[in-house]
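Sequence lines, in order, name chains S and C.
Final position of the first sequence in the numbering used here is 112; the numbers increase by one with none missing.
Final position of the second sequence in the numbering used here is 226; the numbers increase by one with none missing.
Heads up, the thing below is written out as structure tokens.
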Amino acid sequence: NAGVTQTPKFQVLKTGQSMTLQCAQDMNHEYMSWYRQDPGMGLRLIHYSVGAGITDQGEVPNGYNVSRSTTEDFPLRLLSAAPSQTSVYFCASSRPAKNIQYFGAGTRLSVL
Amino acid sequence: LAKTTQPISMDSYEGQEVNITCSHNNIATNDYITWYQQFPSQGPRFIIQGYKTKVTNEVASLFIPADRKSSTLSLPRVSLSDTAVYYCLVGDPNSGGGADGLTFGKGTHLIIQP
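Set out below in structure tokens:
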């Protein structure tokens, strides 16, 4: 069982570069979410989706874009990376109760 | 959205029972209480969820008093491998759209010593 798969596991960017963090789930879950986690902090919700074609903003959406063209995939795009976006990013999915989430292994991003 | 309050950290020893309490004074009628565990360098893992009274599974027990303004996660006979951060979340799982139940706080860092 693959569950929630995030790629890449590690990434280093220069300020101003763009990139896409990939997230895929094979459980046919409707809900998908992106979180960031900074040292000593809990997880903060960036964006979430309640189904294909539907996305909404979480607590810290600035600097990030998402789309949900299929049930399986929920990519997170950084349009112009900034050092403040250095963090560990987690993707999660859930169904049917949205508050029982399954998390990926995370992507460690450094922006220099 | 119901706000939760947990202790920042707790210490205990192997073999002891550990109880972590979460306060959620403004919990709504349809809200459930959900606990996650997170080890370093891993994503959070669902532990247990409950609505009222007591819920038990193979990992933990969750105690919820009648007024539901708090809940207690109980870990029986902890071991070193239970050292982790534990998060309490409150939200309505059937609210459809919205971020209800998706908000993590800073959690409780539980350290188990030999």
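Ideal Cβ positions, reconstructed from N, Cα and C, are used throughout, including at glycine.
Asked, Found
"Identify, in the order they occur along the chain, each residue of the same chain with its Cβ nearer than 6 Å to the Cβ of C/G217, setting aside the five sequence neighbours on each side.", "T116"
"Taking just the CA atoms, how far does C/N206 sit from C/Y199?", "20 Å"
"What residues of chain S sit near C/L201, judged by a beta carbon separation below 7 Å?", "N99"
"Taking the beta strand (DSSP E) that C/T184 belongs to, which residues open and close that run?", "S182 to L187"
"Buried or exposed: C/P156, going by 16 or more other Cβ atoms within 10 Å of its Cβ?", "buried"
"Within 8 Å (strictly less), CB to CB, does C/P205 reach chain D?", "Absent here is chain D; the protein component of the structure consists of chains S and C."
"State yes or no: is the beta carbon of S/M19 nearer than 8 Å to at least one beta carbon in chain C?", "no"
"Nearest-angstrom Cα distance between C/V197 and S/V88?", "16 Å"
"Give the residues of chain C in contact with S/S33, contact being defined as C-beta atoms less than 9 Å apart.", "A211 and L214"
"By the three-class DSSP mapping on this structure, what secondary structure does C/D143 have?", "coil"
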